[in-house]
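Chains as they are written, first to last, in the numbering used here: chain L, -15 to 425; chain W, -15 to 425. Positions of the beta carbon are idealized from the N, C-alpha and C atoms, including for glycine. Encoded as structure tokens, the structure appears first; notes follow it.
Right, here's the structure in full:
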């Protein structure tokens, strides 16, 4: 396993995008602040469980072993994740970035016996009944994931599936359920204990949106045949790369600092422009990470103020025909991050036909040429943009990528002076939901 | 067919959201301006092809007849749309809103012989080869869609599939291709003529993002068994509803006026929050419509300025666990549109279990309660929000919805004083792509 992610930020600098950009000096001047950022973060011990996940290779190996044993029974064909938010987005990001784009349509042989993966992360009734209709319940494992063990949507879907399973396989339903939740607390833990259901513990103080490298994300990935050990090794590499206190050498630090500086300049929208279909779900995962971590109300001695860049996901080249008009000609309120891969690992050559531009070219070539063209156009139009570049897409690189963004988000929280690990406002919705449900029952 | 979409905007008013909202008087004061907006629009005859589409019931009936004939041969199982932007987003929006959520997993019988639908709207090499792997080429119809007949991505994918088809079925490949393009001009029209390939004409002066109710969107929908006649009838109903010059009675006018007023107040982000998985692709379709139409650079006698709200798609209840923290506590830079349905047409009751809140409740009930709770929380946090409410989801209502947003976008263009029908900046990317491809060949 070699190669590392590269972060290229030259197009956020004013020498490239004029007054919409930042000066290199401004970045360098954040060096002292960055040392403080790192120190502050280290003090938040109660939230730093995510920094220890890459070290847990033993657990990854155990999960792999456990999963292989089940696969070798040939009993199962489907794996359904029942979760929402941080208990679903990482699972999907792993699957979409590392497996065949039409994985669930492949035959069992083509999947080498690994399971199809479905993620049920809503309580839309039609989505639920739709899924029930197309999977054979007897051949399905359900992974019920909720850190607190109390998440409404997760419990509702679980209750429904448990009921259906019991009708199908009676007492054996327990063999088809895996619970991933807090080690001690909550309803799901209680059920796991009472019913003796196989379970994984979510480490204490691990926020949902930082949990993809814990059993929350790893178990479903392993059931879909993804090498989760390499994933952790990649993350470990990123821990190492970002251990330096030198801001200019620390890619996660630079990413956070640049986003912070540009937000101060009125760029309240942060676009994650995925140049590969495989990255699109990662952009969605990032959307939660960035929004929930940084979208905060801050109370100071002089009053309250609100803060938080809004993350957007977009897909290249597709969105060149949908969003780029706005990004190019619209207001200067955006910073764009290209999520790119150097080698897509697939060469498909166009035949000769009477389109001189295209004849004989490879799809890969055209794809990357359009990406480069988009980058140039954005730069010419003074839209600051940067690139997170993977040499190729594999578990080792995706592991790096997840950790890179997690750490960048934690740093950004410190730069913005908000707590990147809580989500107080969501409680308001829960309160209203509770009131409404109780008053009408 | 009865029932109409309702537009509820009380939560954008200052009486509900304080200083972040608008006064009812401000809206009413736009009455005179609105009459002018409608007049200006009427003068843009060369762009108004989309307003005539709902009348074309004859063509819809012809398409239905043609499609039924092909279905009854039982020769085909898959329908692949090869298009991008406006030649893909509407197709997907129709399919996802009106068919089974796991349609492509259903058996042919369950689909009543209608075809599975795939939309290839990128040139990511792995996406292409992935699709090739899972479809039986002999059983697949390809609909190549490009208004200009010259779109790079579309031509590239078509060239590749044509090559593969020829190897499989030799001269018969023509029977498996439908071309949808300009009536007279462009490469695709030339190919259709030379090779005698069945084709549909895209009406003159119809912009891609306004084309879902033309053959661009209708053909693939008909092959997937969607009643496209009802779709047009719904749109026709919306034409009627919005024919009034009275702003306060014209829902599309109100939608445009409200978005316009709130943008002036610094709400540069317009969130389409879909409360049903079935609406999520419509939010994506809207994203193109809104962004490409309004994201513009305006040149005046005193200089240039940029304009354009940034549309975002989000999904309820899922994104309550991802984006709502930011929407609630973050900066007051957003207006939220709920896309809602009163009756999801599906009642699934939870079993009794020791979660008092949930026991015995229907999924539908919990879903809508959370939606209401989110609306209250947003309102309490002074985030202006409105609701586009469908009594139920069916082709008649979705037809109304498409036309509602198209017209609202055209009105908004006039309010913002930009041309909502062009997309000049996208040419810049095309220019760079062309240069790069030519210089390296």
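1) Quick check on this structure: which residue in -12(W), -14(W), -4(W) has the alpha carbon closest to the alpha carbon of residue 322(W)?
2) Please check the pair residue 426(W) and residue -10(W), which I expect to be a contact at CB under 8 Å, by giving their CB distance rounded to whole angstroms.
3) Taking only three categories from DSSP, how would you classify residue 370(W)?
4) Quick one: what's got a C-beta closer than 8 Å to residue 364(L)'s C-beta in the same chain, skipping five residues either side?
5) Beta-carbon of residue 254(L) versus every beta-carbon of chain W: anything under 8 Å?
6) Could you compute how far the alpha carbon of residue 320(W) sits from the alpha carbon of residue 372(W)?
7) Residues in the region 302 to 322 of chain W with C-beta within 9 Å of chain L's C-beta atoms, listed in sequence order?
8) Would you mind giving the Cβ-Cβ distance between residue 69(L) and residue 306(W), rounded to the nearest angstrom? I have them listed as a contact below 8 Å.
9) Which whole-angstrom value describes the C-beta separation of residue 9(L) and residue 0(L), a residue pair presumed to lie in contact below a C-beta threshold of 8 Å?
10) Kindly list the residues whose CB is nearer than 7 Å to the CB of residue 362(W), restricted to its own chain and excluding five residues on each side of it in sequence; keep chain order.
11) From residue 298(L) to residue 180(L), what distance separates their C-alpha atoms?
12) My output table needs one value for residue 107(L): the three-state DSSP class, helix, strand or coil.
13) Within the region 228 to 309 of chain L, note down every full beta strand (DSSP E) run reaching 3 residues or more, in order along the chain.
14) Give me the subset of the region 275 to 297 of chain W whose CB atoms are less than 7 Å from a CB atom of chain L, sorted by chain position.
15) I need the boundaries of the alpha helix (DSSP H) containing residue 350(L), first residue and last residue.
16) In chain W, what lies closer than 7 Å to residue 260(L) by C-beta?
17) With a cut-off of 8 Å on the beta carbons, I'd call residue 300(W) and residue 357(W) a contact; round off their distance for me.
18) If you draw a straight line from the C-alpha of residue 129(W) to the C-alpha of residue 396(W), how long is it?
19) Tell whether a beta-carbon distance below 8 Å holds between residue 394(W) and residue 268(W).
20) Mapping the DSSP letters down to three states, classify residue 405(L) as helix, strand or coil.
21) Could you check if residue 57(L) is buried or exposed, using at least 16 other CB atoms within 10 Å of its CB as the buried criterion?
22) So residue 164(L) packs on residue 200(L), CB below 8 Å; how close in whole Å?
23) Does the separation of the CB atoms of residue 205(W) and residue 399(W) fall below 8 Å?
24) Taking Cβ to Cβ, would you say residue 60(L) is nearer than 8 Å to residue 125(L)?
25) From what residue to what residue does the beta strand (DSSP E) around residue 321(W) run?
26) Have a look at 354(L), 248(L), 121(L) and flag the residue whose alpha-carbon is nearest the alpha-carbon of residue 420(W).
27) Under 8 Å Cβ to Cβ from residue 250(L), same chain only, skipping five residues before and after it: list those, please.
28) Against chain L, which members of the region 342 to 355 of chain W pass a CB distance test of less than 9 Å?
29) Would you report the Cα separation of residue 170(L) and residue 343(W), rounded to the nearest angstrom?
30) Span of the beta strand (DSSP E) holding residue 163(W)?
31) Residues in the same chain with beta-carbon distance under 6 Å from residue 426(L), minus the five sequence neighbours each way, listed in chain order, please.
32) Bridge partners of residue 128(L), per DSSP?
33) Look at residue 66(L) and residue 142(L) and say whether their C-beta atoms are less than 8 Å apart.
34) So if I threshold CB-CB distances at 7 Å, which residues from the region -5 to 21 of chain W count as touching chain L?
35) Can you have a look at residue 326(W) and say buried or exposed, based on whether 16 or more other CB atoms are within 10 angstroms of its CB?
Let me spell this out:
1) When only C-alpha atoms are compared, the closest one is -4(W).
2) As shown, chain W starts at -15 and ends at 425. That puts residue 426(W) outside it, with no answer to give.
3) Residue 370(W) falls in the strand class under three-state DSSP.
4) For residue 364(L), same chain residues with a beta-carbon under 8 Å away, outside a window of 5 residues either side, do not exist.
5) Not a single C-beta of chain W is nearer than 8 Å to the C-beta of residue 254(L).
6) Their Cα atoms are separated by approximately 11 Å.
7) Those would be 302, 303, 304, 305, 306, 307, 308, 309, 310, 311, 312, 313, 314, 315, 316, 317, 318, in chain order.
8) Rounded, the Cβ-Cβ distance is 5 Å, consistent with contact.
9) With a Cβ gap of about 15 Å, residue 9(L) and residue 0(L) do not count as contacting.
10) Shown here for residue 362(W): same chain residues with a beta carbon closer than 7 Å to its own, the five before and five after excluded, namely 311, 312, 320, 369 in chain order.
11) In a straight line, the C-alpha of residue 298(L) is about 43 Å away from that of residue 180(L).
12) In the structure shown, residue 107(L) falls within a coil segment according to DSSP collapsed to helix, strand and coil.
13) Complete beta strand (DSSP E) runs here, min 3: 253 to 258, 280 to 284, 287 to 291, 294 to 299.
14) Against chain L - using a Cβ distance shorter than 7 Å - the residues of the region 275 to 297 of chain W are 275, 276, 279, 280, 281, 290, 291, 292, 294, 296.
15) Run containing residue 350(L): 347 to 364, per the alpha helix (DSSP H) assignment.
16) For a Cβ distance threshold of 7 Å, residue set 108 of chain W lies close to residue 260(L), ordered along the chain.
17) About 10 Å separates the beta carbons of residue 300(W) and residue 357(W), which is beyond the 8 Å limit, so they are not a contact pair.
18) CA-to-CA, the gap between residue 129(W) and residue 396(W) works out to about 28 Å.
19) Not a contact, by the Cβ cut-off of 8 Å.
20) Residue 405(L): coil per DSSP, three-state reduction.
21) Residue burial is scored here from C-beta neighbours: residue 57(L) has fewer than 16 other C-beta atoms within 10 angstroms and is therefore classed as exposed.
22) Residue 164(L) to residue 200(L), Cβ: 6 Å. Contact.
23) Not a contact, by the Cβ cut-off of 8 Å.
24) Contact flag set, yes.
25) Under the DSSP assignment, residue 321(W) falls in the beta strand (DSSP E) whose first and last residues are 318 to 327.
26) Nearest C-alpha to residue 420(W) among 354(L), 248(L), 121(L): 354(L).
27) Counting only Cβ-Cβ distances below 8 Å, and skipping sequence neighbours, we find 316, 317.
28) Taking 9 Å as the cut-off between beta carbons, the residues of the region 342 to 355 of chain W near chain L are 342, 343, 344, 345, 346, 347, 348, 349, 350, 351, 353, 354, in sequence order.
29) Each residue's Cα considered, the two are about 17 Å apart.
30) Looking at the DSSP string, the run of the beta strand (DSSP E) that includes residue 163(W) is 161 to 166.
31) Chain L is shown from -15 up to 425; residue 426(L) falls before or after that span and cannot be answered.
32) Under DSSP, residue 128(L) forms a beta bridge with 66(L), 163(L).
33) Their beta carbons are under 8 Å apart, which means residue 66(L) touches residue 142(L) by this criterion.
34) Of all residues in the region -5 to 21 of chain W, none has a Cβ within less than 7 Å of some Cβ in chain L.
35) Exposed is the call here.
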